[in-house]
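**Q** Sequential numbering from 21 applies to the sequence shown in the working numbering.
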Amino acid sequence: DFTSILNIIFIISGGVLTFVILFIFAKRQITRFALRSRRGPHAPIGTAAKKCLKKEIERRIEAVPRIVFEPRLLCTEPSHYILEPQQPYHYRFRAVDDVKTLEE
Numbered sequence: 021d022f023t024s025i026l027n028i029i030f031i032i033s034g035g036v037l038t039f040v041i042l043f044i045f046a047k048r049q050i051t052r053f054a055l056r057s058r059r060g061p062h063a064p065i066g067t068a069a070k071k072c073l074k075k076e077i078e079r080r081i082e083a084v085p086r087i088v089f090e091p092r093l094l095c096t097e098p099s100h101y102i103l104e105p106q107q108p109y110h111y112r113f114r115a116v117d118d119v120k121t122l123e124e
């Protein structure tokens, strides 16, 4: 009799735990997609400006996500090094910089 009650308690607690985990996961996914789809600033920009100026502001704001800058990992001038670095990551940095050069 006691073991059947204990089994029922384990089954109910497992169900509750599963429900809580699924709820947390669903809430996280909904929040993630809501943040990803959110577009633009919270405050209106250029409301009192002329129409052409407002369009220019919006055009420049929409261009921001397309801006990409990848800095060079190593300096191209060997004068910055007294001795050639011998760390293993130095060659990886060189390889990444060479790949960036090939992409251009």
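We put the CB at the ideal spot given by N, CA and C, even for glycine. Quick caveat, the model's predicted, so the values are computed rather than measured.
Helix, strand or coil: which one does DSSP assign to P108?
**A** Here residue 108 is taken as the residue at index 88 of the sequence shown, counted from 1. Residue state, collapsed to three classes: helix.
**Q** In three-state DSSP terms, what is D125?
**A** In this structure the chain extends from 21 to 124, so residue 125 is not present and cannot be described.
**Q** If you compare alpha carbons, which of K74, R114, R79 is closest to P91?
**A** Start at 1 with the first residue of the sequence shown, and residue 91 comes out as number 71. Out of K74, R114, R79, R114 has the C-alpha closest to the C-alpha of P91.
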